[in-house]
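Numbering (my numbering), first residue to last: 409 to 561.
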């Protein structure tokens with residue numbers, strides 16, 4: 409596909425698989441794109457500790473010898489995560505199309521840090537707060553709300 413070309417994405421909630429509880433954001437770059445036995449090597453365990461700020465249970469694991477600490481965050485209300493895959497062309501004319509389809513969905517993501525527990529100050533977690541702010545900024549304001557919040561000098 410050329411830069412700036414069109415693409416088609418089919419987002420369907422009735423995906424093949426629900427990956428809730430199995431989506432992880434690791435603080436590292438993995439230069440592999442394909443199948444592997446992740447569950448054989450990556451084994452997160454609950455620590456029994458609950459985060460002080462958010463009350464979310466902490467987990468720990470190791471990746472390539474380094475300690476990882478993480479927590480599973482639910483996606484905000486009204487949001488869903490999608491795992492996309494290239495759509496298989498149905499006929500010869502579709503072979504060059506750039507179409508994607510939903511292979512799986514998820515409702516939470518486990519966020520990991522090296523050596524220290526996730527915190528409300530982490531950029532990734534703060535990005536979730538922006539969704540609430542953006543919703544408030546873009547929601548229509550009724551005349552009653554405007555009148556009740558107005559004041560005169």
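Every residue gets a Cβ at the ideal spot worked out from N, C-alpha and C, and that includes glycine.
Given the structure is predicted, the values throughout are model-derived calculations rather than measurements.
In the three-state reduction of the DSSP assignment, residue 487 falls in the coil class, being assigned neither a helical nor a strand state.
Residue burial is scored here from C-beta neighbours: residue 520 has at least 16 other C-beta atoms within 10 angstroms and is therefore classed as buried. For residue 448, no beta strand (DSSP E) encloses it; the enclosing alpha helix (DSSP H) starts and ends at 446-449. One thing to note: residue 431 has its Cβ within 8 Å of the Cβ of residue 514.
The shortest CA-to-CA distance from residue 528 to any of 491, 547, 478 and 488 is the one to 478. When DSSP states are grouped into helix, strand and coil, residue 417 belongs to the strand group. In summary, residue 540 is exposed, with fewer than 16 beta-carbon neighbours lying within 10 Å of its beta-carbon over all protein chains present. Residue environment analysis places residue 496 among the exposed positions, since fewer than 16 neighbouring C-beta atoms fall within 10 angstroms of its C-beta.
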